[in-house]
Amino acid sequence: MASVRCLDSAFGYDGYGSGATDIPDQGRILRNIVEGADMVMSHILHFYHLAALDYIDTDTPGSIIENQSPWSPAATRNRTDVVGPSLGGSALVNTLVLNYVGALNVRRKCHELAAYISGKQPHTPAFIPGGITSVVDDAAISAMSDLITGDGGSWPGIIDFVDNTYIPDVVTVAKALSGSLLVGAASAGVGEGCKKYLAYGTFPNLNAPVGEPLNAGEGLLIGGFLNTDGISLGSWNASAVDKWKIKEYIKYSHYEKGLLNAYDGLLPINGVTKVDYQKVTNGSPSASYSWAKAPRYVSGSEVHVCEVGPLARVLVNYARGNEAVVYAVNNLLTGALAPLTTANVPNLRSVLGRHAARALECSIIANTIPSWITSLTPNTSAYRHLNIPTSSATGAGFTEAPRGALSHWIRIDGKKISNYQCVVPTTWNVSPKDTNGQHGPIEHAISGTSVATTADYIKMTRIIRSFDPCIACTVHVVSPDKKKVTKFEVGTASSTFCNSK
Amino acid sequence: MAIKIDPVTRIEGHLALEVNTTSNIVTDVECQTKLFRGFELIMRDRNPRDAVILTQRI
Chain W
0 MASVRCLDSA FGYDGYGSGA TDIPDQGRIL RNIVEGADMV MSHILHFYHL
50 AALDYIDTDT PGSIIENQSP WSPAATRNRT DVVGPSLGGS ALVNTLVLNY
100 VGALNVRRKC HELAAYISGK QPHTPAFIPG GITSVVDDAA ISAMSDLITG
150 DGGSWPGIID FVDNTYIPDV VTVAKALSGS LLVGAASAGV GEGCKKYLAY
200 GTFPNLNAPV GEPLNAGEGL LIGGFLNTDG ISLGSWNASA VDKWKIKEYI
250 KYSHYEKGLL NAYDGLLPIN GVTKVDYQKV TNGSPSASYS WAKAPRYVSG
300 SEVHVCEVGP LARVLVNYAR GNEAVVYAVN NLLTGALAPL TTANVPNLRS
350 VLGRHAARAL ECSIIANTIP SWITSLTPNT SAYRHLNIPT SSATGAGFTE
400 APRGALSHWI RIDGKKISNY QCVVPTTWNV SPKDTNGQHG PIEHAISGTS
450 VATTADYIKM TRIIRSFDPC IACTVHVVSP DKKKVTKFEV GTASSTFCNS
500 K
Chain U
0 MAIKIDPVTR IEGHLALEVN TTSNIVTDVE CQTKLFRGFE LIMRDRNPRD
50 AVILTQRI
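Read top to bottom, the protein sequences are chains W and U. Take the first sequence: its position 96, counting from 1, is numbered 95 in numbering that gives the first Met the number 0, and each next residue is one higher. Take the second sequence: its position 37, counting from 1, is numbered 36 in numbering that gives the first Met the number 0, and each next residue is one higher.
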């Protein structure tokens, strides 16, 4: 979505609607449906299939997964801070495991919904600058509607799963861990993070700009930069994102710094990505230690480390008064938990707060998809053609990937790409230190964690997973000497969670 | 004490974590992205329309 919006911007599309250089409104809506279905799918995937095993005693006696390797990693066995014998017992474990399995089917339904428009999910061929290639008919619109809200028969709908299974399960896990969903760093010793947040917003409305982050009234989720570090909730003030404040640093990344550090701290539109093999060989800890650059939001002399993702989106939208998000934060979780009052919103800055924000956002999006579907016009083109610009052009595309704020930047010369830079959400979250020595968001979140025994190492992986990092779609690198750096074992009763050195 | 978790599992992609502890409290952290993406290099000199197909999932 960022790449197609990046081309929209470079090709000269300047709005949505019926103007000669507008992306047809039908295209905007169809894109929102595809992006929405994908984000709902991804959030369910993250909670059930990536994170949940951190919170379930997978060796609970009498449960359907007792002794079912590889279901029972040693890391969660017989711990007190998981759902298991001491908290809910085997019946609750069985419910969660069955929901884990059921979630696979719901994810398939999400893909099915999007595929009526996109042809296939993920990695659709239907996205194109100027709109989307597909034309939907009444049958497709009706089928999509049944998938999201239920078919009146055996399929209860994607929304039903999100609101009546996913959110309650997040609450269950939260209670198991702490008795409360709202775990601050102080009480649990885990995961508060850098306390600064960046979002670009997505699901644009008709009046949204092309090539810019979204502001109030321009989308379902809007963008903003929010600094909560040392600032009390009443004074939280999220500002509109200035795209020219996004810069990338490479001192601790495996890239060339250029003459007089010319390649360090660049705007992405001018970004340079040149591997510095000498830095790769030297390795950590004194030199570079990551293939990720360190993106920062630079405001004057202040270089801000920013967390991106569902928590950032929820807090930014809450601070900017986006009604859908304010309502969700203030109401959706209150039935199941001790009331979530305005005063303890800052406690969402935690491992479980990230899971909660993801679930709330999933519900907001799922519940909005039906209104997009009903606003479609059957058998209507969703695409307007513009040629590749013949003179030099630049463009920027902004969206929210499930994992956070995503931007692509392009420079076109002679109808070819002369520079393309992607500043992806996980690059923000897993970023190494910047040139000023400031740690990245996940590094911040792990610092200060108490790890008295090897069993405590699960705390660190819980923190990492709460950010839902994605480092995939990449090219593998093997160290030149093929040195084995560590050993990692799970699954046998005697093994530790991982080794230490 | 130095602790290294490599790989971090159940995430998408390959990440290593190296931390130092003092009195059982984590005092220094390195998040090590263990692979090179290279899309910026792949994209150079291509037809702009290729960008949507090639970079769609990053």
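Quick reminder that beta carbons are idealized off the backbone N, C-alpha and C, glycines included. This structure is a prediction, so every number in the text was calculated from the model and none was measured.
**OP:** Indicate the three-state DSSP secondary structure (helix, strand or coil) for W:G216 in the structure shown.
**Re:** coil
Original post:
Span of the alpha helix (DSSP H) holding W:T94?
Top reply: Boundaries of the alpha helix (DSSP H) around W:T94: G88 to S117.
**OP:** Would you be able to state if there are at least three C-beta pairs under 8 angstroms between the segment 431-439 of chain W and the segment 239-258 of chain W?
**Re:** yes
**OP:** Check distances from the C-beta atoms of the segment 15-32 of chain U to those of chain W and list, in chain order, the residues that come in under 8 angstroms.
**Re:** A15, L16, E17, V18, T20, N23, I24, V25, T26, D27, V28, E29, C30, Q31 and T32
Original post:
If we call anything under 9 angstroms between Cβ atoms a contact, is W:T171 one with W:G87?
Top reply: yes
**OP:** For the beta strand (DSSP E) containing W:C361, list its first residue and its last residue.
**Re:** From DSSP, W:C361 is part of no beta strand (DSSP E) but of the alpha helix (DSSP H) over V350 to T373.
**OP:** Check the Cβ-Cβ distances between W:L49 and every residue of chain U, and say whether any is below 9 angstroms.
**Re:** yes
Original post:
With DSSP run on the structure shown, which of helix, strand or coil describes W:V315?
Top reply: Look at W:V315 here: in three-state DSSP terms it is helix.
**OP:** Grab the span of the beta strand (DSSP E) containing W:P294 for me, first residue to last.
**Re:** A293 to S298
Original post:
Under 9 angstroms between C-beta atoms, does W:P128 make it to chain U?
Top reply: yes
Subject >> Coarse secondary structure for W:N330, derived from DSSP in three states >> reply: DSSP places W:N330 in helix when its eight states are reduced to three.
Original post:
According to a CB-to-CB cut-off of less than 7 angstroms, which residues of the segment 441-468 of chain W neighbour chain U?
Top reply: I441, E442, I445, S446, G447, T448, S449, V450, A451, Y456, M459, T460, I463, R464 and P468
**OP:** Mind checking the segment 189-212 of chain W against chain U and listing, in chain order, the residues whose C-beta falls within less than 8 angstroms of any C-beta there?
**Re:** none
**OP:** Mind checking the segment 290-321 of chain W against chain U and listing, in chain order, the residues whose C-beta falls within less than 8 angstroms of any C-beta there?
**Re:** W290 and A291
Original post:
Along the chain, which unbroken stretches of the beta strand (DSSP E) at least 3 residues long are found entirely within the segment 216-285 of chain W?
Top reply: Restricting attention to beta strand (DSSP E) runs no shorter than 3 residues, the segment 216-285 of chain W encloses them at 218-226 and 245-248, ordered along the chain.
**OP:** Report the residue from W:A392, W:A139 and W:S289 whose alpha carbon sits nearest the alpha carbon of W:W427.
**Re:** W:S289
Original post:
Of the choices W:M38, W:A392, W:V297 and W:K415, whose alpha-carbon is the least far from that of W:L225?
Top reply: W:V297
Subject >> Identity of the residue in W:R4, W:R30, W:C5 and W:G14 nearest W:A381 by Cα >> reply: W:R30
Subject >> Minimum Cβ-Cβ distance from W:I387 to chain U less than 9 angstroms >> reply: yes
**OP:** State the start and end residues of the unbroken beta strand (DSSP E) segment that holds U:T21.
**Re:** L14 to T21
Subject >> Alpha carbon of W:I502 to alpha carbon of W:V169, nearest angstrom >> reply: There is no way to answer for residue 502 of chain W, as the model of chain W reaches only from 0 to 500.
Subject >> Members of the segment 4-35 of chain W that neighbour chain U once the beta carbon cut-off is set at 9 angstroms >> reply: For the segment 4-35 of chain W, the set of residues with a beta-carbon nearer than 9 angstroms to any beta-carbon of chain U comprises C5, L6, A9 and F10, in chain order.
Original post:
According to the neighbour-count rule (16 or more other Cβ atoms, all chains shown, within 10 Å of its Cβ), is W:H122 buried or exposed?
Top reply: exposed
**OP:** Give the range of the beta strand (DSSP E) segment to which W:R512 is assigned.
**Re:** Outside the displayed range of chain W (0 to 500) lies residue 512 of chain W, so it cannot be described from this structure.
Subject >> Limits of the alpha helix (DSSP H) - the one that W:K458 falls within >> reply: Y456 to S465
Original post:
Of all Cβ atoms in chain U, is any one closer than 9 angstroms to the Cβ of W:C109?
Top reply: no
Original post:
Are the beta-carbon atoms belonging to U:C30 and W:E442 less than 9 angstroms from one another?
Top reply: The answer is yes: Cβ separation under 9 angstroms.
Original post:
Do three or more CB pairs link the segment 222-236 of chain W to the segment 186-205 of chain W at distances below 8 angstroms?
Top reply: yes
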